[in-house]
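*Asks:* Residue numbering for the sequence shown follows UniProt numbering, starting at 1 and increasing by one per position.
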Amino acid sequence: MGEVNKECASLLQSAEELKPDDSRLYTIKEELSFSNGDWWQPLSNGSGRAFAPLMPFYDGDLSGYKNAVNSLNLVSFWVTNVDPNHRYSKKSIPVSGFLQISTAISNMLLQKPDDETPKFDMWPGNSQLSIRFQGVYTELGGERVMCLLGSAVLPSRGPHSNDPWPWVKENGDSIHPVLAPDDRILFELRYPKALSLRTREIYGSIKSLNRESDLKYFDEVLVSSSLGSANYKFASDDLVSRACDSMSDEIETVDDVYKGVDFCGVLDRFSRQEQFTEQFTVLPNFNCNGTDEFCSKLGPFVSSKEIDFTNGGFKNVKLVFHDVRCENTTSSKTRVSSVFRAVPPSEQLYSATQRTGLNGMTLSAEGAWYPKTGRLCMVACSPYDNICHTRISMYVPLLFSIKQRSVFSGTLSSIDPTVRSYSPLAFEKPVESTEQWSSGAHYEYSKIEAATSVLEKYEPSKIQSAVKKSFLKFPKLENTEENLPYSVSVLSEDLTLLMTAVPDQLRRSWINIQLQIQILTIGPFFGRYSNQKGYSNQKGSISFNPTPLLNVSAQINLVGIDAYNYSSISVEGIYNPLFGKMYLIGCVALAEKGLDCKVEVVISYPPTTDRWLVDPTAKVSVISQREKDDPLYFSPIKIHTAPVLYRNQWEDILSRRGVEGILRIATLSLAIGCISTQLFYVRGNIVNVPYVSLVMLGVQAISYGLPLITGAEDLFGKKAKTGFENLQKGQPFLVIDYMVKLLVLIAFLSTMRLCQKVWKSRVRMLTRSPLEPHRVPNDKKVLFATSIVHILGYILALIVHYKTSRYDPRQSESFVDSNEYSRPVSAWEAELAEYVGLMQDFFLLPQVIGNLLWMVQVKPLRKMYYIGLTLVRIFPHAYDFVKSPFPSNPYNYSNDYEFADLRTDFYSKFGDIAIPIVSILLALIVYVQQRWNYEKLRGKLVARQAKLLPLGSRVYERLPSSLSFEAELASGVNGDSTLRRDTPEN
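1. I need the DSSP call for residue 546, collapsed to helix, strand or coil.
2. Please name the residue in 709, 336, 669, 750 whose C-alpha comes closest to that of residue 679.
3. Spell out a yes or no on whether the stretch 563 to 583 and the stretch 460 to 472 are touching, meaning 3 or more CB-CB pairs, one atom from each, closer than 8 Å.
4. Quick check: the Cα distance between residue 127 and residue 113, rounded to an integer number of angstroms?
5. If distances are taken between C-alpha atoms only, which option among 340, 75, 378, 136 comes closest to residue 224?
6. Specify the secondary structure class of residue 389 as computed by DSSP and reduced to three states.
7. Write down every uninterrupted run of the alpha helix (DSSP H) in the stretch 369 to 436 whose length is 4 residues or greater and which is fully enclosed by it, in chain order.
8. With burial defined as no fewer than 16 other Cβ atoms inside 10 Å of the residue's Cβ, what is the status of residue 788: buried or exposed?
9. Determine the burial state of residue 951: buried for a count of at least 16 other Cβ atoms within 10 Å of its Cβ, exposed for fewer.
10. Tell whether a beta-carbon distance below 8 Å holds between residue 396 and residue 486.
11. Name the DSSP bridge partner or partners of residue 122?
12. Determine the burial state of residue 945: buried for a count of at least 16 other Cβ atoms within 10 Å of its Cβ, exposed for fewer.
13. Looking at the unbroken beta strand (DSSP E) that takes in residue 40, where does it start and where does it end?
14. DSSP three-state label for residue 215, please.
15. Does the distance from the C-beta atom of residue 312 to that of residue 345 stay below 8 Å?
16. Go ahead and label residue 147 buried or exposed: buried means 16 or more other beta carbons lie within 10 angstroms of its beta carbon, across all protein chains shown.
17. Which of the three DSSP states is assigned to residue 750 in this structure?
18. Just mark residue 753 as buried or exposed, buried being the case when its beta carbon has 16 or more other beta carbons within 10 Å.
19. How would you label residue 588, buried or exposed, when you count the other beta carbons within 10 angstroms and need 16 or more for buried?
20. Specify the secondary structure class of residue 90 as computed by DSSP and reduced to three states.
21. For the pair the stretch 673 to 689 and the stretch 857 to 869, tell me if three or more CB-CB distances fall below 8 Å.
22. Please report the Cβ distance between residue 131 and residue 93, rounded to the nearest whole angstrom; I am assuming they are in contact, meaning their Cβ atoms lie under 8 Å.
23. Given residue 133, which residues of its chain have a CB within under 6 Å of its CB, disregarding the five upstream and five downstream residues?
24. According to DSSP, is residue 625 helix, strand or coil?
25. Which of helix, strand or coil does DSSP assign to residue 195?
26. From 377, 645, 190, 212, pick the residue whose C-alpha is nearest to that of residue 237; which is it?
27. Secondary structure at residue 688, three-state DSSP: helix, strand or coil?
28. Which stretch, first to last residue, makes up the beta strand (DSSP E) that contains residue 642?
29. State the CB to CB distance for the pair residue 381 and residue 328, rounded to an integer number of angstroms; the pair is presumed to be in contact (CB under 8 Å).
30. Excluding the 5 residues preceding and the 5 following residue 552 in the sequence, name in chain order all residues of the same chain whose CB lies nearer than 6 Å to its CB.
31. Which stretch, first to last residue, makes up the alpha helix (DSSP H) that contains residue 997?
32. Would you give the residue range spanned by the alpha helix (DSSP H) that residue 2 belongs to?
33. Could you name each continuous beta strand (DSSP E) segment of 3 residues or more that falls completely within the stretch 256 to 343, going from the start of the chain to the end?
34. Just to confirm, are residue 317 and residue 282 a CB contact at a threshold of 8 Å?
35. I want to know whether the stretch 293 to 310 touches the stretch 208 to 227 - three or more CB-CB distances under 8 Å.
36. With distance defined between alpha-carbon atoms, name the residue in 475, 615, 594 nearest to residue 548.
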């Protein structure tokens with residue numbers, strides 16, 4: 001504390017004597033801590049020497065960050081301890097604290113660490129310094145002040161001031177800085193005693209007490225945040241009155257606006273930080289008349305290059321409305337204060353709502369809500385000059401239409417019309433389907449007649465209509481009037497689509513669209529799960545005819561499709577629940593051209609029934625009704641979504657899980673039966689046993705053994721969790737899983753028993769006299785040939801995958817390791833997992849090769865064995881082909897076929913046809929080889945008097961009889977029986 005008193009002596013000398021206040025000990029920790037403020041270093045230090053930054057930052061390898069544009073400088077400070085025994089000093093209280101200061105390009109927010117040890121961390125795109133402080137708290141001139149001395153470990157600098165950290169660029173992403181301790185850091189923070197319009201900011205500085213020649217020296221760091229936890233003091237009524245008295249002359253009058261007294265409840269919905277998507281959209285200046293600088297300026301905010309590039313269109317620029325304080329004073333007036341923050345396109349909205357620093361992109365505002373006029377009028381002050389020269393006007397509209405989709409609207413304008421430097425800035429909060437309104441809000445349809453023309457244009461034929469009515473059902477209203485609001489809510493949720501889509505004409509393109517179709521109204525009903533009593537007196541009602549046509553309105557957004565100007569469309573029209581189609585007319589806001597309402601949109605929804613047999617995707621087409629030579633004409637947009645899952649289909653996921661489990665039990669039982677028939681077959685046909693390929697049996701043993709060893713359903717690991725694991729842990733599913741594992745174990749042991757019999761039969765043949773090992777079947781050449789075939793096939797698969805994946809918008813695969821951590825899988829790993837499944841489908845390939853090499857004249861495999869196992873391998877492909885024509889079905893949450901990943905390249909629709917054909921062909925070749933034997937095949941395969949197969953082997957002339965050979969096998973391989981010469985059979 002002696003060093004603290006020395007460095008803070010000038011401050012303590014002029015400090016005020018603290019009044020006795022025991023509660024201060026508890027409020028200091030809460031009120032003087034802040035998170036995610038701003039920090040910066042002025043580039044000009046006034047001394048003419050080189051700039052000395054606080055810490056290095058490496059942005060050389062940012063491949064892991066998406067949309068990384070600008071870095072954020074964030075600072076957080078926590079008061080960790082307040083000394084209760086401070087009475088020996090009347091002017092100060094000993095305190096300690098912990099500070100984190102960072103530069104991050106990934107919008108990473110600072111969190112209070114458990115360990116308060118000073119440290120410095122650095123990786124590509126992020127640098128973070130932690131400093132521990134100790135000092136005093138005092139009060140001075142209407143401010144609360146903390147003066148602290150800190151200790152830190154700073155990255156060591158080089159002797160060159162122009163490049164103090166050369167090791168950053170040299171080491172790249174493998175950065176391990178050398179750290180040097182530094183306990184000569186002074187931190188001074190100033191807080192306002194009262195939180196009000198002009199006294200909101202926390203500001204301070206971090207200084208190095210080292211000499212400028214010292215390598216630990218850095219230039220002053222400035223800090224800014226806002227007082228967040230204190231009670232707000234409304235003390236600017238005069239400013240608000242002067243700003244708002246003349247408001248009625250400058251703004252247009254809007255009818256049907258909210259004029260209730262509970263305006264605080266309305267604001268709470270739009271300002272809660274946990275719902276960070278509640279933000280305002282800045283509107284372009286369509287009707288601005290003035291210079292480019294006047295019209296393109298972002299209101300009173302200090303614009304950035306990123307915003308200037310929008311040229312006054314303000315695309316993707318948001319306005320966050322947070323730190324809202326609302327106070328109902330009288331029935332005719334409600335006081336409101338808040339902070340407005342402009343958010344550039346590159347910054348994440350969540351981080352914007354959590355930031356507390358006040359800068360040129362923020363305004364501190366205070367005002368009042370007047371229920372009589374339905375307006376919120378506020379005066380706003382800039383933190384730069386603390387001059388309050390901006391007026392904010394806001395209102396809540398209750399009348400919605402295709403041209404009015406704002407649930408909250410407002411403008412920022414200059415109070416003094418004679419010194420305007422920018423055009424009034426308009427903003428709005430677009431309405432969402434989840435908004436819940438009571439009485440008052442209503443929708444006015446104006447495009448139903450035009451939508452009827454679209455319906456007649458695309459109406460299906462009578463045959464198609466009859467088929468759909470007979471076999472398919474689509475989302476519709478339940479025919480129960482007492483549950484009508486709930487039924488409307490369920491239908492609205494089913495028709496809302498928030499998912500990935502791809503253009504039809506670019507199925508293999510890189511374009512990946514996030515489609516958002518939000519249903520606003522159905523008939524006169526607005527929103528979901530809302531109290532609809534207010535609509536009882538409105539005109540219009542929902543018809544309950546057998547074939548109702550419902551009026552609907554919606555908002556369509558195509559996110560991530562910058563190639564199209566028509567990325568946000570307001571639509572209204574007709575929904576036909578008999579065919580699951582919407583016929584809509586849309587309006588699009590075009591920069592400098594106003595609204596284009598000559599757009600027709602048709603949305604086709606998948607059925608709710610028989611969805612395993614039909615395409616479960618939704619299709620959207622957007623077509624211009626203008627002539628091709630019209631400047632506003634655009635090419636048709638046609639996209640299809642990922643598979644759609646309706647509200648009432650969650651139970652079907654579980655029912656399908658059970659069905660597929662039963663099918664697995666059936667197929668495994670069939671496989672075990674086929675293996676058992678082969679075991680019985682070799683007992684009665686001992687002569688044929690050596691000619692069963694061990695490579696073929698090895699492939700099958702591996703396919704059964706790996707799931708048992710890894711405990712996974714797939715060959716190389718469990719798929720990343722889908723969120724339905726808890727639903728699938730019920731007792732019936734556990735019983736099915738245990739039965740499947742038991743059957744897999746039985747199949748594995750049966751296959752190994754078959755391998756043992758083949759191996760022993762070959763060993764017995766080697767012990768026969770005369771010793772002729774070359775006459776004994778050997779799988780070395782079979783293994784070599786099979787490996788060559790599959791290696792070439794795998795290389796070909798990688799090439800095909802590479803060419804297709806460049807244009808494939810599918811997400812990359814991920815697996816869960818033994819520690820339950822999800823990890824990404826590289827292309828070659830995913831392709832290898834697929835190809836191993838393909839090897840198992842072609843399990844007869846080694847036997848076919850062996851039959852050719854060994855020139856077999858016997859029947860090593862029983863028909864029921866190889867035909868039955870071929871059918872078992874074909875069944876997953878047939879099931880996948882029949883259940884849905886779309887390759888990535890959402891109902892396939894369980895990849896439970898132990899050898900097949902139905903979503904991969906080999907198990908696409910083409911694979912579901914080609915693989916079974918090849919498998920059947922291999923089974924047919926084995927049948928022909930065993931039916932005609934080698935000599936007959938050699939006689940029939942003749943081309944121009946030349947035989948295609950070489951002369952057969954004479955090994956079969958020396959085979960013993962079945963009876964004698966079986967007796968030798970029974971005597972044991974290592975027994976004492978003497979070798980004897982067998983005479984060939986006549």
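We put the beta carbon where it would ideally sit given N, CA and C, even for glycine.
*Replies:* By the coordinates alone:
1. Per-residue confidence for residue 546 stands at a pLDDT of 46, beneath the threshold of 50, marking its modelled position as unreliable; the derived number appears in the next sentence. It is coil, neither helix nor strand.
2. 750
3. yes
4. 16 Å
5. 75
6. Residue 389: coil per DSSP, three-state reduction.
7. none
8. exposed
9. Low local confidence applies: a pLDDT of 47 at residue 951 is under 50, so the model's placement there is unreliable, with the coordinate-based value given in what follows. Residue 951 comes out exposed.
10. no
11. Partner(s): 127.
12. Its pLDDT being 47, under 50, residue 945 is placed unreliably in this model, and the value from its coordinates should be taken loosely. That one is exposed.
13. 34 to 40
14. Note: residue 215 maps to coil in three-state DSSP.
15. In this structure, residue 345 does not lie closer than 8 Å to residue 312 by Cβ.
16. buried
17. helix
18. exposed
19. Here residue 588 is buried. Its C-beta has 16 or more other C-beta atoms within 10 Å.
20. coil
21. Touching, yes, given that three or more Cβ pairs across the two stretches are closer than 8 Å.
22. Residue 131 to residue 93, Cβ: 20 Å. No contact.
23. If we look at residue 133 and ignore the five residues flanking it on each side, its Cβ neighbours are 97, 148, 150, 187.
24. coil
25. strand
26. Closest by alpha carbon: 377.
27. helix
28. 637 to 643
29. The pair is not a contact, with the Cβ atoms about 24 Å apart (cut-off 8 Å).
30. Within the same chain, residue 552 has close Cβ partners 522, 575.
31. Residue 997 lies beyond the stretch modelled for the chain, which goes from 1 to 986, so this question has no answer here.
32. 2 to 7
33. 280 to 282, 318 to 330, 333 to 343
34. yes
35. no
36. 475
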